[in-house]
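A quick write-up on the structure given underneath.
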Amino acid sequence: MHLPAQIAQHLRAVYFGGNWTSVDLTKTLADVTWEQATAQVYSLNTIATLVYHTNYYINAVAKVLQGEPLNAKDQYSFNHPPVRSQTDWENLLDLTWKEAENFAGLIEHLPENKLEEIFVDEKYGNYYRNLHGIIEHIHYHLGQIVLIKKILLQKEDL
16 MHLPAQIAQH LRAVYFGGNW TSVDLTKTLA DVTWEQATAQ VYSLNTIATL
66 VYHTNYYINA VAKVLQGEPL NAKDQYSFNH PPVRSQTDWE NLLDLTWKEA
116 ENFAGLIEHL PENKLEEIFV DEKYGNYYRN LHGIIEHIHY HLGQIVLIKK
166 ILLQKEDL
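Pasting the structure below:
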């Protein structure tokens, strides 16, 4: 399996399962209600905000892989449409799964030598670094989501 396909598989594993941590987004979020997804825990971001935030960067880099310019600003990466119902929450999740799979497909079809090329600007490093950085970013926020969910479930049991 060539390296881009392995990177795509690694991305799919954090979303859909099969990574060595045995924690993924689909299983973690499968039983989260929209009320839980939007519940404020301390001063942390909500689960819905973290889900949107991780995919904000997936979308930005996917556009680069499709030949478009990089158009992302950290200040906008947490600004998601309101989640006011279970339908809104399920729509956000469905969009997230679709966009993750689309991104994995784009990675999978990259020529291997593209991984060594500069990503947009030298300050960002190469494609390899950025693709793995996105996967690390998702794992980081997945850990936050898991902890927020545990806190919410513990509060519900009280």
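Read left to right, the sequence shown gives residues 16 to 173 (the numbering used here).
Here a beta-carbon is modelled for each residue, glycine too, at the ideal position from N, C-alpha and C.
Could you spell out where the alpha helix (DSSP H) holding residue i opens and where it closes?
i, result
"Arg27", "18 to 31"
"Leu80", "62 to 80"
"Gln55", "From DSSP, Gln55 is part of no alpha helix (DSSP H); its letter is neither H nor E."
"Thr41", "40 to 44"
Is it buried or exposed for residue i, if we count other Cβ within 10 angstroms and need 16 for buried?
i, result
"Lys88", "exposed"
"Trp35", "exposed"
"Lys138", "exposed"
"Phe134", "buried"
"Thr102", "exposed"
"Arg27", "buried"
"Phe118", "buried"
"Lys165", "exposed"
"Tyr142", "buried"
"Tyr67", "buried"
"Asp39", "buried"
"Gln51", "buried"
"Leu125", "buried"
"Leu162", "exposed"
Is residue i helix, strand or coil when you go by DSSP?
i, result
"Gln101", "helix"
"Lys88", "coil"
"Glu50", "helix"
"Glu151", "helix"
"Leu162", "helix"
"Glu83", "coil"
"Leu157", "helix"
"Leu168", "helix"
Problem set entry | Length at least 4, wholly inside the region 107 to 148: the alpha helix (DSSP H) runs in chain order | For the region 107 to 148, there is no continuous alpha helix (DSSP H) assignment of 4+ residues that stays within its boundaries.
Q.
Does the structure place the region 20 to 39 close enough to the region 74 to 83 that three or more beta carbon pairs sit under 8 Å?
A. Output reads no: the region 20 to 39 does not touch the region 74 to 83.
Legend entry - Stretch pair the region 40 to 48 + the region 123 to 131: three plus CB contacts closer than 8 Å: Not touching, per the Cβ criterion.
| query | Any chance the region 101 to 115 sits against the region 61 to 69, with 3 or more Cβ pairs inside 8 Å? | reply | Judged by pairs of C-beta atoms under 8 Å, the region 101 to 115 touches the region 61 to 69, as three or more such pairs exist.
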